[in-house]
Amino acid sequence: MSRAERAERAAHAEAEAVPQAVPQDGDGVRRVNPLWSLGLFRSELAVTLRRWRTLALLGVLAAVPVLVGIAVKIETGDGSTGGQRGGGGGEGPAFMAQITNNGLFLVFTALAATLPFFLPMAVGVVAGDAVAGEANSGTLRYLLVAPAGRTRLLLAKYAATITFCLLATLVVAVSALAVGALLFPLGDLTTISGTRISFADGLGRALLIALAVTASLLGVAALGVFVSTLTDSGIAAMATTVGLLITVQILDQIPQLHAIQPYLFSHYWLSFADLVRDPVYWEELRKNLGLQAVYVAVFGSAAWARFTAKGVTA
């Protein structure tokens with residue numbers, strides 16, 4: 048964080064900490080203005096989105112659909128259909144075989160390509176820096192002067208991280224839709240079940256898929272925020288979060304560990320493909336949402352317990 052940004056955060060925190068901003072009830076108990084909490088969230092989100100690191104991550108995510116679309120266009124330039132290299136169940140290759148018929152499939156392919164690593168890595172970087180980055184730059188103690196307290200500050204940081212999850216997913220989806228519309232035809236969609244749905248219905252399912260992918264990242268976000276409360280080094284927190292992400296992905300691919308794989312946060316990530324079936328299969332989608340909720344509850348509680356008891360000197 049730059050010196051100018053640090054000064055801005057300090058000034059914001061001190062301005063919010065004035066007594067007039069802290070109304071009291073008849074018993075003299077301090078009450079926090081809900082508008083202040085909203086302002087804190089906006090401040091955290093603005094700081095996150097202004098960082099060059101965040102903009103670079105979003106740029107990389109936006110470039111992935113462009114590269115995939117151009118690769119498919121070149122591969123199918125001779126009139127071939129882009130060959131399905133195996134795999135199924137609606138994962139990347141199965142979607143890729145349909146891109147030349149309908150550019151909307153590029154949205155599904157891009158999300159399937161970025162979800163295993165690029166999207167969670169970006170979220171892990173942002174979440175890992177949430178608290179540790181403030182401590183490392185010396186602004187955390189200024190933020191804690193404000194009347195919202197540690198719990199509201201932590202919630203504001205997690206809410207900003209969730210918002211980034213949604214924004215990052217939408218960047219991939221919108222970029223893929225734009226490239227798909229430029230390079231390939233659009234129209235009625237053939238689902239992976241073989242039925243036909245309208246283009247409007249396909250767009251609606253693309254939006255549902257984007258929301259499902261965002262929900263799949265909530266566990267990583269909670270884990271990253273928890274790791275961020277354990278250290279005062281933003282780089283260490285980001286590296287640890289990304290390292291844990293890679294480790295979990297490896298464990299999820301080892302057949303001998305099938306007994307524990309359903310409990311890994313990444314196990315049901317590609318269940319969003321069931322939204323491109325007709326009728327939609329909801330079982331694994333529900334399992335994914337339930338698993339993410341467990342991770343949010345466990346690591347969110349751990350982050351709160353650690354942060355509220357943590358001594359802050361920076």
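The working numbering puts the first residue of the sequence shown at 48, with every later residue one more than the last.
Just so you know, even glycine gets a beta-carbon here, dropped at the ideal spot from N, CA and C.
- Of the candidates 88, 169 and 93, 169 places its Cα closest to the Cα of residue 103.
- The straight-line gap separating the alpha-carbon atoms of residue 215 and residue 356 is approximately 32 Å.
- If you check the CB distance, residue 147 and residue 88 do not come in under 8 Å.
- DSSP places residue 276 outside both helix and strand once states are collapsed to three, so it counts as coil.
- The beta carbons of residue 145 and residue 265 sit no closer together than 8 Å.
- Comparing alpha-carbon positions, the option among 306, 253 and 346 lying closest to residue 319 turns out to be 253.
- The residue among 200, 226 and 317 with its C-alpha nearest the C-alpha of residue 115 is 226.
- Spanning the alpha carbons of residue 273 and residue 219 requires a straight line of approximately 26 Å.
- DSSP, read as helix, strand or coil, puts residue 85 in helix.
- In this structure, the straight-line span from the alpha carbon of residue 208 to that of residue 174 is close to 6 Å.
- Of the residues 240, 260 and 235, the one whose Cα lies closest to the Cα of residue 212 is 260.
- Here residue 236 is not near residue 335, since their CB atoms are 8 Å or more apart.
- Closest by C-alpha distance to residue 142, out of 229, 301 and 321, is 321.
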